[in-house]
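Protein chains: 2
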Amino acid sequence: MLTIAVDAMGGDNAPDCVVEGTIQTLRDTGNRLEVLLIGQNDKVEPLLDRHDIQGLNLRFMHAPEVITMNDIPAIAVKTKQNSSLVRGLMLCKEKKADGFVSAGNTGALMAASLFILGRIPGVLRPTIAAYFPRLAPGLTNVVDVGANVDCKPEHLVQFAEMLTIYQRDAAGMDTPLTGLLNIGEEENKGPDYLKQTYNLLREANSKKKINFIGNIEGNDILSSKASIIVCDGLVGNTLLKFGESIPHFLSSIFKPSIEKLVASGQLDLKAAELTGKTFKAMFQPFDVEKFGGVPFLGVDGISIVGHGRSSEKAIMNMIFMAEHMIEKKVNQHIAEALA
Amino acid sequence: MLTIAVDAMGGDNAPDCVVEGTIQTLRDTGNRLEVLLIGQNDKVEPLLDRHDIQGLNLRFMHAPEVITMNDIPAIAVKTKQNSSLVRGLMLCKEKKADGFVSAGNTGALMAASLFILGRIPGVLRPTIAAYFPRLAPGLTNVVDVGANVDCKPEHLVQFAEMLTIYQRDAAGMDTPLTGLLNIGEEENKGPDYLKQTYNLLREANSKKKINFIGNIEGNDILSSKASIIVCDGLVGNTLLKFGESIPHFLSSIFKPSIEKLVASGQLDLKAAELTGKTFKAMFQPFDVEKFGGVPFLGVDGISIVGHGRSSEKAIMNMIFMAEHMIEKKVNQHIAEALA
Numbered sequence: 001m002l003t004i005a006v007d008a009m010g011g012d013n014a015p016d017c018v019v020e021g022t023i024q025t026l027r028d029t030g031n032r033l034e035v036l037l038i039g040q041n042d043k044v045e046p047l048l049d050r051h052d053i054q055g056l057n058l059r060f061m062h063a064p065e066v067i068t069m070n071d072i073p074a075i076a077v078k079t080k081q082n083s084s085l086v087r088g089l090m091l092c093k094e095k096k097a098d099g100f101v102s103a104g105n106t107g108a109l110m111a112a113s114l115f116i117l118g119r120i121p122g123v124l125r126p127t128i129a130a131y132f133p134r135l136a137p138g139l140t141n142v143v144d145v146g147a148n149v150d151c152k153p154e155h156l157v158q159f160a161e162m163l164t165i166y167q168r169d170a171a172g173m174d175t176p177l178t179g180l181l182n183i184g185e186e187e188n189k190g191p192d193y194l195k196q197t198y199n200l201l202r203e204a205n206s207k208k209k210i211n212f213i214g215n216i217e218g219n220d221i222l223s224s225k226a227s228i229i230v231c232d233g234l235v236g237n238t239l240l241k242f243g244e245s246i247p248h249f250l251s252s253i254f255k256p257s258i259e260k261l262v263a264s265g266q267l268d269l270k271a272a273e274l275t276g277k278t279f280k281a282m283f284q285p286f287d288v289e290k291f292g293g294v295p296f297l298g299v300d301g302i303s304i305v306g307h308g309r310s311s312e313k314a315i316m317n318m319i320f321m322a323e324h325m326i327e328k329k330v331n332q333h334i335a336e337a338l339a
Numbered sequence: 001m002l003t004i005a006v007d008a009m010g011g012d013n014a015p016d017c018v019v020e021g022t023i024q025t026l027r028d029t030g031n032r033l034e035v036l037l038i039g040q041n042d043k044v045e046p047l048l049d050r051h052d053i054q055g056l057n058l059r060f061m062h063a064p065e066v067i068t069m070n071d072i073p074a075i076a077v078k079t080k081q082n083s084s085l086v087r088g089l090m091l092c093k094e095k096k097a098d099g100f101v102s103a104g105n106t107g108a109l110m111a112a113s114l115f116i117l118g119r120i121p122g123v124l125r126p127t128i129a130a131y132f133p134r135l136a137p138g139l140t141n142v143v144d145v146g147a148n149v150d151c152k153p154e155h156l157v158q159f160a161e162m163l164t165i166y167q168r169d170a171a172g173m174d175t176p177l178t179g180l181l182n183i184g185e186e187e188n189k190g191p192d193y194l195k196q197t198y199n200l201l202r203e204a205n206s207k208k209k210i211n212f213i214g215n216i217e218g219n220d221i222l223s224s225k226a227s228i229i230v231c232d233g234l235v236g237n238t239l240l241k242f243g244e245s246i247p248h249f250l251s252s253i254f255k256p257s258i259e260k261l262v263a264s265g266q267l268d269l270k271a272a273e274l275t276g277k278t279f280k281a282m283f284q285p286f287d288v289e290k291f292g293g294v295p296f297l298g299v300d301g302i303s304i305v306g307h308g309r310s311s312e313k314a315i316m317n318m319i320f321m322a323e324h325m326i327e328k329k330v331n332q333h334i335a336e337a338l339a
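Chains Z and C supply the protein sequences, listed in that same order. Residue numbering for the first sequence follows my numbering, beginning at 1 and increasing consecutively. Residue numbering for the second sequence follows my numbering, beginning at 1 and increasing consecutively.
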């Protein structure tokens, strides 16, 4: 049976959501997994007491310290060795857990994962890929989204190779398609490092390590043209945060307009309610919850990074993602491909 | 009286929209300006014949060649010397026109502007800044959006300085605020070139050349925090195209949902129509028409770059933008600031 360590203290809604999500996962899966919940006992135990957890494969482990969202990653990892985040990863290192899940401080999780788990042999730089909305079936990952800035061509090509394995093995996609994000479609476009990346991606394509469709532009991101969109972490991070800000921006225009129509008697309440629901549902492709989190790909272990806003549903899906990556041997395949 | 040269052949809707927009401008402004329309006589003259243009300060000039959207900029500029685009800029160079407006091939317009008009003394690289949506009064320019990739810190700082002058003089903003687009707010974040840019922007701030508010992130772009958002052309170009793709992406989810509600009798037609209008209006801040185009800032002349999709309203606003930049002596102030 797999054991997933879960950071009870990570995220804006921790530990409540984490505890709820964990218990729900174990109930839903009929104890298929074991979860090791790590956190401060005075915070977590009262929450566990509210549930009938007898018979669930749930163990709790006290960790007196907490790495907060405001902690500086490199410093926190060194000074808070007794935090849930560091202890969880140590359990993976010591083979007492098969994977670790946290919605806490992303920078600290990356730094600690890299430090404690190390890299898969052959991996130059572990990376984080975000899920972007799409309408067609399948999924779109933009990689990198902030773990690496100043990426070199060889880093970007490895990101494409790792994501191809991830999408194929963990997400069951037959033919992941890689696009290189650039200012134009022609192969001679963009800065030098992207021209070199283009050539390396074409080589990887001819070795059948990836399926390279060429350069794509910003307006192709949502188009489902590519399932893997490769870019430097500065570009990906900016796109991710820009995209996340759009639902709120548009709502703040749409909602008052609808309210005005109701106030003036042009729209009845029932219609306004239906419209509001439809509007909200429109942003479902932007919903990060259904994926839960993203793996920190390339580290020698399973480290799943969640959004700070993670709900219990997100926590559940992060646990499943860890399970799936282990079962599908994603890391083993990455090691073989990059050897 | 100012004379603005207008590329009749530039844009997806040319020459029709350009001719209409030009005539409307002259009518609306009571002949305040003179417009020199440049294009193929067999295409443009029949359109002019449809209007009573007597008394309007409108001159037409035949140019036998056309640079299309598919032309490779550097080659087109050299081989199509008798195109409306090259001739229009030549008229500016020869002081027969005070500014040039085109919704044609952006790359060709930039290359020709740089080649024919040259740079304002002191300017390292001319740049293009796009308008981004905001809710608060004022405007948001992201700079650069594709004219320059591989920007060096000194380029980015000049972009901020030029945009500060543009927003203050041409857009009447008292205090343009510059933010540096980065992966985090802390000054030590991001790649080295952005750390250096941060320091140079702070210097420019202390010399009162700009008002620097520090690093901003992708989720701040629409927040009206900064009116000038500085980034490399690869980042800006990607953001611009990504943003432009969003209305269509969301419509393709929202519209069918509303139609389904109508079909099932849950929403009546009138309510659906109102909802549709409200939805469409929500994207007004994304509307590029109200600005028309953007100046190619830093070239030694007035060259206004329009969107390929430019409507007649956009053409009108581009002509006004050229007029305004000349009257407010934007280029002269840039030359003084960067001397």
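Cβ atoms here follow ideal geometry from the backbone N, Cα and C, with glycine treated the same way.
Contact set for residue i: own chain, Cβ-Cβ below 6 Å, skip 5 residues either direction
i               : result
A103 of chain Z : G10, G11, G306 and S310
D232 of chain Z : C151
S303 of chain Z : F100, S113 and F296
V6 of chain Z   : T22, V35, L37 and V101
G301 of chain C : C92 and L117
K80 of chain C  : E65 and I67
H62 of chain Z  : N41
Residue i and residue j closer than 8 Å at C-beta
i               : j               : result
L250 of chain C : G218 of chain Z : no
T164 of chain Z : I213 of chain Z : no
V143 of chain Z : A129 of chain Z : yes
Q158 of chain C : L180 of chain C : no
A111 of chain Z : A170 of chain Z : no
P133 of chain C : P285 of chain C : yes
S83 of chain C  : A8 of chain C   : no
L135 of chain C : I319 of chain C : no
A337 of chain C : E161 of chain C : yes
I4 of chain C   : D98 of chain C  : yes
I258 of chain C : A281 of chain C : no
CB contact below 8 Å: residue i versus chain Z
i               : result
I253 of chain C : yes
V157 of chain C : no
V230 of chain C : no
Q266 of chain C : yes
M282 of chain C : yes
A170 of chain C : no
I221 of chain C : yes
F242 of chain C : yes
P73 of chain C  : no
L89 of chain C  : no
T197 of chain C : no
P191 of chain C : yes
A108 of chain C : no
A97 of chain C  : no
T178 of chain C : no
For residue i, the first and last residue of its enclosing beta strand (DSSP E)
i               : result
F60 of chain Z  : L58 to H62
A130 of chain Z : T127 to F132
V142 of chain C : T140 to V143
V101 of chain C : G99 to S102
A5 of chain C   : T3 to D7
Any C-beta of chain C under 8 Å from that of residue i
i               : result
N237 of chain Z : yes
P153 of chain Z : no
E263 of chain Z : Position check: residue 263 of chain Z holds Ala in this sequence, whereas Glu was assumed. So, not an interface residue.
S303 of chain Z : no
V149 of chain Z : yes
P137 of chain Z : no
T278 of chain Z : yes
Cutoff 7 Å; reference residue i; Cβ partners in own chain excluding five residues on either side
i               : result
V145 of chain Z : I128, A129, A130, G233, G236, N237 and L240
Residue range of the unbroken alpha helix (DSSP H) whose run includes residue i
i               : result
V44 of chain C  : N41 to D49
T25 of chain C  : D16 to D28
T68 of chain Z  : Looking at the DSSP string, T68 of chain Z is not in any alpha helix (DSSP H), and its letter there is neither H nor E.
K96 of chain Z  : Taken as a continuous stretch (DSSP letters only), K96 of chain Z belongs to no alpha helix (DSSP H), as it is neither H nor E.
V157 of chain Z : P153 to I165
Other residues of its chain near residue i: CB distance less than 8 Å, five sequence neighbours each side excluded
i               : result
F115 of chain Z : V77
K328 of chain C : D169 and A170
* To do: Please specify which runs of the beta strand (DSSP E), each continuous and at least 3 residues long, are wholly inside the region 204-250 of chain C, giving them in chain order.
  => The qualifying runs are 212-216 and 228-230.
* Taking the runs of the beta strand (DSSP E) that are 3 residues or longer, which of them lie wholly in the region 259-330 of chain C? -> For the region 259-330 of chain C, whole beta strand (DSSP E) runs of length 3 or above, ordered along the chain, are 293-297 and 303-306.
* **4 or more residues per run - each alpha helix (DSSP H) lying fully within the region 175-207 of chain C** => 192-206
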